[in-house]
Every structure is written in structure tokens, then in C-alpha cells.
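S.K.: The numbering of the sequence shown is the working numbering, which starts it at 840 and goes up by one.
I have a structure I would like to understand better, so I am pasting it below and will then ask my questions one at a time.
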Amino acid sequence: MVKIQSFGGAQTVTGSCHFMQFKKGPNILIDCGMFQGAVERRSSDPFGFDPKTVDILLITHAHLDHVGRIPKLLKEGFNGRIITLRPTLELAEVVLLDSAKIAEEDYKTALKKAQRCGEEDQVEAPLYSLDDVRAIWDLNIQYAVYNTPIHLTPNIQVTFRNAGHILGSATIDIAFTDPDTQQAKSVVFSGDLGNTHDVVMPAPQAVKKADALYLESTYGDRNHRSLPDSIAEFTEAITSTLLNQGNVLIPSFAIERTQEILVMLKQMYYDKTLPPCKIFVDSPMAIRATEIYNRYHKELNAHAQTLFDRDGSVFDFPYLNYTLKGEDSIRINDEERGCIIIAGSGMCSGGRILHHFKHRLWNARNRVIFVGYQAQGTLGRLLVDGAGEIRIYRERIKVNAQISMINGFSAHADQAEMLLWMQQFEHLQNVFLIHGEPNKQAIFKDAITQKLGKPVHIVEFAEEVWV
């Protein structure tokens, strides 16, 4: 038998971290993510297991809530093997270096303020440094290939399948033979399942067998708005603003959402529905991620392939500009009209988007388009909820620009899509819900029970599950 404990992603949507201990075999950790939002402080807590005892780390994908504590894992003794897709580790490098840089900058600012009042001992040091991130590449790294089993031992093998969530995302199928009963079993971790009708990614691959399915449940309580309706609303918001001599500001997440936006804008350009304009990707992290997406274009969907085959790039077209350097970003302020500015952060908690807000929110001709979830307490949520003014860098800014919130671009599968994905299993024994909020998990549990008739359990933190 095998024991599985979830030390993150249990009744919460972040911090994914699942520890799998074989009676006879290696100890395997699936993901090691950062806690975010209201539970952010849990990231500095002890793991709940000894990192020195982890033999293998499997990574489903490169989002911070799935990779964000890997440097901490190394600092506390992990010296085993990492197995993941090559693009996942390349994106993880971008994500982790950015995370470490922000943490170090925040620490220096907080320390400086604390020193003025003699309270520097109360300032918590960053979880890890840039050097801690770079140390990951000193480990034994093995790159997986989709649908190609990797034998960990003669009796244990792992297979990565495309999850369709972001570039390099995977469901992980761990198949093994029980040494006591000689029975063949498998445990499948969904990672984050992608939206079947994603702008850039292909649909999630089917899995045929699982004695235990550890399934994400982020949107288990609802179905998304249709993609065609969302694209139509996005197109109208862009064109009407540009034709009115305004500018469009799009706060965007660097990985996946920025690439989706670029593909939609490129298609508008080819369809001749995009008015002449200048488009700026004003985020170093998004620029690096876009380069990685383009390099691994063969793992994207058929539409992205068509764009690449047409001109050698999935994303580039004549109106598009990348502003990597700070001085290039500042020069965007000289553009009075006819601009689309895509900048981080996605929830407006920092980054270059704040500078563009400062210069353009007051103008009623301009528009802010939100294409991703805005968490409670963020600046993005304030704007979506209709704030008349905001404060940026201690300055009051009047909000006269139009604010649009366009749903339907989620990189996660919704309830109907997850149920359909599960229906493709030829053998599915038990479902364990992870990576979701408890109230949504309860709704999803009922839906699975009613429509599929499968036993469902909502996993609790550190709970021991035996398979």
C-alpha cells in the first residue's frame, strides 16, 4: 500500500504539496507550491515532513502555487531527483526568480522602515534568495516527455500527460504494483486541468485508469461563460476604445493569460477588425514567458500552430512591441492615444500597470479591461467594484476610465468540463478533491456523486490516505 498526505492544496486553492510514501520504494513529493492570498503566511511554516526524506519531486506545472516553495525545500535538505517537463522548468525559473526578487526588495524596504524605529528584529527574512532558486539546477533533473512512462523502480512508473492548463502542464499518473498483494494500482494527480476551449492550449488528455484520482476543484461549483461570447466582448471593448481615440490598459498575468491576449489581438489583426494601434507588452516576466511559449509552439493548440506556420511566430505581428527595459516602459507615456498596454500584475498588486494607471485612469476616453479573477482586497477588485478614486504611490487618482470585466478566459476547467474528463476513465475507483475552497468542493462533490456515482472525499490537511 501507499500513504498519501496533502500538506498544501487541501481545502484551499494554493500551496499544492502532496507527499506519497511507498511501503517499499521511494518517497515522492508532487508539487511544492506557495500559499497565496489570505493563507500566504503558511508558506514559512514547517512542511509537515522532513525534506531530507524526499527522494523524488514531480512537478505538474510552473505556477507559483505549485512550485513556489521548491527553493525552501532545498534549503531544508532536499537533495533528490526532480522530474518534470522541460518547458515547465524553464517557466518555473522565470516565476521563481521573479518571486525571489520581489521578496528581497520587499524585505529591504520593510527593514529600512523598521530600522528607523528600532524594530528591525521584527522583520521576517525572505523565504529564499535568488541564489537559493539557482541552486535548483544543481540537482539531478530528469525531463519527462508526454505519454512516455518513466520507471522509478521495477514496480513503479510515472507518466505525464498534457493537462492543457499552461505550457508544460501535466496530469501525473503513478502506477505501481502492491508488494503485498501483487495487485496493479495507479494514483493520478490532475494538477490544474485546462479549459477544453482554451485560446492557446489543447484540451486536457484523457486518462484511462485510477484507483485514486486527486482532482483539483477550483471551479467545481460553476461553469464558465462561453469562449466565443467572451472573445466578442473583448473585441468590442478594444475596437470601441481605439476608435474613440482612447487607450486600453490590460492588467495581465505573465503566464498563459498574456499569451492568450496576444493570440486574440493577432487574430483581430488578420481579420482586419483591429484598428491601427501600438500594442505594448510591458512586463519583463511576460516577455520571457512568451519567448518560451513560442519556442515550444508544437505543444500549443492547432490555432496557435497555424499562426506560427504563417509567419514563424505564434504571437508577433506588426503592431506588437515588447518593452523589456524600464526606460522603454516610461516612453509609453508619450503615446497619447491608440495604444493597448498589457502589463503586470494581473490583480494590480504591483508592477508596471500601476504607473500606467497613474497616467491614464483619469481620462474618460481610456478603458481598463480585466481578463482574470480579481481577489478580494486587491486594487483590481476595487476597480471592478466601481471605486471612484484610488491611491497609487500615495497619490489620489480619479477613476474616469471605463472599467470592463470579461469572464470566460479561465485556464481552469469548469465543473462540466471536469465531469466530462472523468467520464473518459475506463476505471475510476475513488475521487479525492484538492486545490479548492471548501464550499465549492462540497458542491462539486455532490455533482460527482449524482452524475458519476463515484465515491468522493474532500482531503484535509495532513490527512493520511491509503491506496
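Beta carbons: idealized from backbone N, C-alpha and C, even for Gly.
Fair warning: this is a prediction, and the values are worked out from it, not measured in the lab.
Secondary structure at Ala1164, three-state DSSP: helix, strand or coil?
M.R.: By 1-based counting over the sequence shown, the position of residue 1164 is 325. Rather than Ala, the amino acid found at residue 1164 in this sequence is Lys. Of the three classes helix, strand and coil, the one that applies to Lys1164 here is coil, per DSSP.
S.K.: Can Leu1267 and Ala931 be called in contact, C-beta distance under 9 Å?
M.R.: Taking the first residue of the sequence shown as 1, we reach residue 1267 at position 428. Taking the first residue of the sequence shown as 1, we reach residue 931 at position 92. Taking 9 Å as the Cβ cut-off, Leu1267 and Ala931 do not qualify as a contacting pair.
S.K.: Which residue wins for smallest C-alpha separation from Phe1209, given the options Gln860, Thr1016 and Asp1224?
M.R.: To locate residue 1209, count along the sequence shown from 1; it is residue 370. Taking only the C-alpha atoms, the option nearest Phe1209 is Asp1224.
S.K.: Checking the sheet assignment: what are the DSSP bridge partners for Lys1024?
M.R.: Taking the sequence shown and counting its residues from 1, the one referred to as residue 1024 is at position 185. Answer by DSSP bridge pairing, in chain order: Phe1015.
S.K.: Note down, in chain order, each residue of its chain lying with its Cβ closer than 6 Å to the Cβ of Leu1101, except the 5 sequence neighbours on either side.
M.R.: Taking the first residue of the sequence shown as 1, we reach residue 1101 at position 262. Once the five neighbours on either side are set aside, the close Cβ partners of Leu1101 are Phe1154.
S.K.: Take Gly1227 and list the residues in its own chain whose beta-carbon comes closer than 7 Å to its own, dropping the five residues that flank it on each side.
M.R.: For this step, residue 1227 is matched to residue 388 along the sequence shown. So the list reads Val1238, once near-sequence residues are dropped.
S.K.: Would the region 1053 to 1060 count as touching the region 1140 to 1157 if we require 3 or more Cβ pairs under 8 Å?
M.R.: They do not touch, by the three-pair rule.
S.K.: Are the beta-carbon atoms belonging to Val962 and Ala974 less than 9 Å from one another?
M.R.: As a position in the sequence shown, residue 962 is number 123, starting the count at 1. As a position in the sequence shown, residue 974 is number 135, starting the count at 1. Cβ atoms of Val962 and Ala974: not closer than 9 Å.
S.K.: Pop quiz: Gly1211 and Ser1122 are said to be a contact at Cβ under 8 Å. What is the actual Cβ separation, rounded to whole angstroms?
M.R.: For the purposes of this step, residue 1211 is taken as residue 372 along the sequence shown, with counting starting at 1. For the purposes of this step, residue 1122 is taken as residue 283 along the sequence shown, with counting starting at 1. Contact doesn't hold; Cβ gap of about 14 Å is too wide.
S.K.: At what residue ranges does the region 968 to 1008 contain a whole run of the beta strand (DSSP E), taking only runs of 3 or more?
M.R.: List check, beta strand (DSSP E) in window: 979 to 983, 989 to 992 and 995 to 1001.
S.K.: Report yes if the CB atom of Ile869 is closer than 9 Å to the CB atom of Phe1028, and no otherwise.
M.R.: Reading the sequence shown from its first residue, position 30 is the one you call residue 869. Reading the sequence shown from its first residue, position 189 is the one you call residue 1028. Yes, these two residues count as a Cβ contact at 9 Å.
S.K.: Let me know the secondary structure DSSP gives Arg920 once reduced to three states.
M.R.: Here residue 920 corresponds to residue number 81 of the sequence shown, with the count starting at 1. Note: Arg920 maps to strand in three-state DSSP.
S.K.: Suppose you measure from the CA of Arg1025 to the CA of Asn1140; what does that come to, to the nearest Å?
M.R.: Numbered from its first residue, the sequence shown carries residue 1025 at position 186. Numbered from its first residue, the sequence shown carries residue 1140 at position 301. A small correction: the amino acid at residue 1025 is Ser; Arg does not occupy that position in the sequence shown. So the two alpha carbons sit approximately 28 Å from each other.
S.K.: From Gly1059, Tyr946 and Leu1082, pick the residue whose C-alpha is nearest to that of Ser1249; which is it?
M.R.: On the sequence shown, residue 1249 is found 410 positions in, with the first residue counted as 1. Considering only alpha carbons, the answer is Gly1059.
S.K.: Enumerate in chain order the residues of its own chain whose CB-to-CB distance from Thr988 is below 6 Å, with the five nearest sequence positions on each side excluded.
M.R.: The sequence position of residue 988 within the sequence shown is 149, counting from 1. The sequence given here places Pro at residue 988; Thr does not occur at that position. For Pro988, where only same-chain residues beyond five positions count, the Cβ hits under 6 Å are Gln996 and Thr998.
S.K.: Just the C-alpha distance for Lys1290 and Glu1175, rounded to the nearest angstrom, thanks.
M.R.: As a first step, residue 1290 is located in the sequence shown; it is residue number 451 there, counting from the start. As a first step, residue 1175 is located in the sequence shown; it is residue number 336 there, counting from the start. Approximately 54 Å between the Cα atoms of the pair.
S.K.: State the Cα-Cα distance for the pair Glu879 and Arg908, rounded to the nearest angstrom.
M.R.: Here the question's residue 879 lines up with position 40 in the sequence shown. Here the question's residue 908 lines up with position 69 in the sequence shown. If I take the Cα positions, the gap works out to 12 Å.
S.K.: In angstroms with no decimal places, state the Cα-to-Cα distance between Lys951 and Glu944.
M.R.: By one-based count along the sequence shown, residue 951 stands at place 112. By one-based count along the sequence shown, residue 944 stands at place 105. About 11 Å.
S.K.: Could you give the C-beta distance for Phe861 and Phe846, rounded to a whole number, given that I count them as a contact under 8 Å?
M.R.: In the sequence shown, counting from the first residue as 1, residue 861 sits at position 22. In the sequence shown, counting from the first residue as 1, residue 846 sits at position 7. Going by Cβ atoms, the distance from Phe861 to Phe846 rounds to 17 Å, so no, they are not a contact pair.
S.K.: In this structure, how does DSSP classify Asn1133 when only helix, strand and coil are distinguished?
M.R.: For the purposes of this step, residue 1133 is taken as the residue at position 294 of the sequence shown. Three-state DSSP puts Asn1133 in a helix.
S.K.: Could you round the C-beta distance between Arg925 and Tyr982 to whole angstroms and report it? I think they count as a contact, below 8 Å.
M.R.: To locate residue 925, count along the sequence shown from 1; it is residue 86. To locate residue 982, count along the sequence shown from 1; it is residue 143. Right, their Cβ atoms sit about 5 Å apart.
S.K.: Quick one: give me the first and last residue of the beta strand (DSSP E) that Asp1050 is part of.
M.R.: Position 211 of the sequence shown holds residue 1050. Asp1050 -> beta strand (DSSP E) spans Lys1048 to Glu1055.
S.K.: So the candidates are Asn986, Asp1031, Tyr1108 and Lys1284; which of them puts its Cα closest to the Cα of Val906?
M.R.: Within the sequence shown, numbered from 1, the residue matching residue 906 stands at position 67. Here the closest residue by C-alpha is Asp1031.
S.K.: Taking Cβ positions only, does Gly1216 come closer than 9 Å to chain B?
M.R.: Annotation note: the requested chain B is absent from the structure, which comprises a single protein chain.
S.K.: What are the boundary residues of the beta strand (DSSP E) that includes Asn866?
M.R.: Position 27 of the sequence shown, counting from 1, holds the residue named residue 866. Element bounds for Asn866: Asn866 to Ile869.
S.K.: Does the count of Cβ pairs from the region 1070 to 1085 and the region 1293 to 1300 closer than 8 Å reach three?
M.R.: Judged by Cβ distances under 8 Å, the region 1070 to 1085 makes no contact with the region 1293 to 1300, as fewer than three pairs qualify.
S.K.: Arg1235 and Ile1340 - do their beta-carbons sit closer together than 9 Å?
M.R.: Nothing about residue 1340 can be read from this structure; the chain reaches only from 840 to 1306.
S.K.: Count the other CB atoms within 10 Å of the CB of Ile898; is the residue buried (16 or more) or exposed (fewer)?
M.R.: To locate residue 898, count along the sequence shown from 1; it is residue 59. Classification of Ile898: buried, given that the 10 Å Cβ count is 16 or more.
S.K.: Ignore the nearest five residues each way along the sequence and tell me which others in Lys914's own chain have a CB closer than 8 Å to its CB.
M.R.: As a working note, residue 914 is residue 75 in the sequence shown. Excluding residues within five positions, the ones whose Cβ falls inside 8 Å are Tyr967 and Asp971.
S.K.: Nearest to Ile1126 by alpha carbon, out of Met840, Gly872 and Asp937?
M.R.: The residue you call residue 1126 lines up with position 287 of the sequence shown. Residue Asp937 is the option with its Cα nearest to Ile1126.
S.K.: Run the CB neighbour count on Cys956, radius 10 Å, all protein chains shown included, and call it buried at 16 or more, exposed below.
M.R.: Residue numbering aside, residue 956 sits at position 117 when the sequence shown is read from its first letter. Cys956 should be labelled exposed.
S.K.: In whole angstroms, what is the alpha-carbon distance linking Leu1088 and Gln1098?
M.R.: Residue 1088 sits at position 249 when you count from the first residue of the sequence shown. Residue 1098 sits at position 259 when you count from the first residue of the sequence shown. Each residue's alpha carbon lies about 16 Å from the other.
S.K.: From Val1046 to Tyr1132, what distance separates their C-alpha atoms?
M.R.: Locating residue 1046 in the sequence shown gives position 207, counting from the first residue. Locating residue 1132 in the sequence shown gives position 293, counting from the first residue. C-alpha separation (whole angstroms): 25 Å.
S.K.: With H, G and I counted as helix, E and B as strand and the rest as coil, what does DSSP make of Trp1305?
M.R.: Counting from 1 along the sequence shown, the entry for residue 1305 is found at position 466. Reduced to three states, the DSSP call for Trp1305 is strand.
S.K.: Taking the alpha-carbon positions, what's the Pro1043 to Thr1010 distance?
M.R.: By 1-based counting over the sequence shown, the position of residue 1043 is 204. By 1-based counting over the sequence shown, the position of residue 1010 is 171. Going by the C-alpha atoms only, they are around 9 Å apart.
S.K.: Among residues of its own chain, excluding the 5 on either side of Asp1253, which ones have a beta-carbon nearer than 7 Å to its beta-carbon?
M.R.: Taking the first residue of the sequence shown as position 1, residue 1253 is located at position 414. The answer, listed in chain order, is Tyr1058, Arg1061, Asn1062 and His1063.
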